[in-house]
Amino acid sequence: MLMLFYVILLLEFLAGIHTSSVRRITTQLRQLSLQIQGYSPTQTDDYVAISIKAEPGYIVKFEPFASADRVHHMLLYGCDQPAYNGDFWRGGATCGGSTHILYAWAEMRLLYHCPIM
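For the sequence shown, the working numbering begins at 44 and goes up steadily by one.
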């Protein structure tokens, strides 16, 4: 089981993948929304990251709320520690320790559903 301590959302690059899912136990599902509060772009090309402390568990679905006219791509990382503290930070820094890419989204990609074991 992957123990997530911080989840980092970095507006960066790559593509999503679609798979079919298996049996779901919906009573145990929780939703976590990630949004950048207080950020307004000041240039055409900008890299911005946020971090949140997440509870241990399994991720079973990613549903990006983004449009290609505003966001080109996003990466979601699992980290031991974020690169910085605060509401958000600019630049490509993601994690202060070990890191795992959990999900990648690029404009016009499908939703991603993970199988539940």
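Cβ atoms here follow ideal geometry from the backbone N, Cα and C, with glycine treated the same way.
Of the residues GLN74, GLU150, GLY100, which one's Cα is nearest the Cα of VAL114? For the residues GLN74, GLU150, GLY100, the minimum Cα distance to VAL114 belongs to GLU150.
Is it true that the CB of GLN124 sits closer than 7 Å to the CB of GLY134? Not in contact: GLY134 and GLN124 (Cβ atoms no closer than 7 Å).
Cβ-Cβ separation, TYR146 to LEU119 (assumed contact under 8 Å), whole Å: Right, the Cβ-Cβ distance comes to about 4 Å (below 8 Å), so this counts as a contact.
Rounded C-alpha distance that separates THR87 from GLN80: In a straight line, the C-alpha of THR87 is about 19 Å away from that of GLN80.
Limits of the unbroken beta strand (DSSP E) element including TYR127: Where TYR127 is concerned, there is no enclosing beta strand (DSSP E), given that its DSSP letter is neither H nor E.
Per DSSP, the bridge partner or partners of THR85: None; THR85 has no bridge partner.
Cut-off 6 Å between Cβ atoms - residues of its own chain near PHE108, not counting five sequence neighbours on either side: In its chain, beyond the 5 residues on either side, no residue has a beta carbon closer than 6 Å to the beta carbon of PHE108.
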